[in-house]
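K.L.:
Here you go, one structure.
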Amino acid sequence: MNRNLWVAVVAIVVVAAGLYLYRRTAEPPLPELAPVGTNLIEGLGDYSMPVTAKNADVQRWFD
Numbered sequence: 006m007n008r009n010l011w012v013a014v015v016a017i018v019v020v021a022a023g024l025y026l027y028r029r030t031a032e033p034p035l036p037e038l039a040p041v042g043t044n045l046i047e048g049l050g051d052y053s054m055p056v057t058a059k060n061a062d063v064q065r066w067f068d
């Protein structure tokens, strides 16, 4: 009986320490940010990958 009590106490202490450390080191949630668009970088070479799309600007993103 005495051994079972010690095992239970140790288990509770380990779980409590784990929860304490988890809460202490957890990062706060990030604020909600509006999505940011991407920038098209020109002049990186002459490679082209032909794509088919209704919008002509789509090809610029694959060149």
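Take the position in the sequence shown, starting the count at 1, then add 5; the result is the number in this note's numbering. Positions of the beta carbon are idealized from the N, C-alpha and C atoms, including for glycine. Every value quoted in this text rests on a predicted model; they were computed, and no experiment measured them.
1. Over what stretch of residues does the alpha helix (DSSP H) that includes V41 continue unbroken?
2. Please determine, among A22, F67, P40, the residue with the shortest C-alpha to C-alpha distance to L49.
3. Just how far apart, CA to CA, sit V19 and R65?
4. Would you give the residue range spanned by the alpha helix (DSSP H) that Y25 belongs to?
P.N.:
Well, looking at it:
1. Per DSSP, V41 belongs to no alpha helix (DSSP H) and is neither H nor E.
2. For L49, the closest C-alpha among the options A22, F67, P40 is that of F67.
3. If you take the alpha carbons of V19 and R65, they lie about 57 Å apart.
4. Per DSSP, Y25 belongs to the alpha helix (DSSP H) from 7 to 30.
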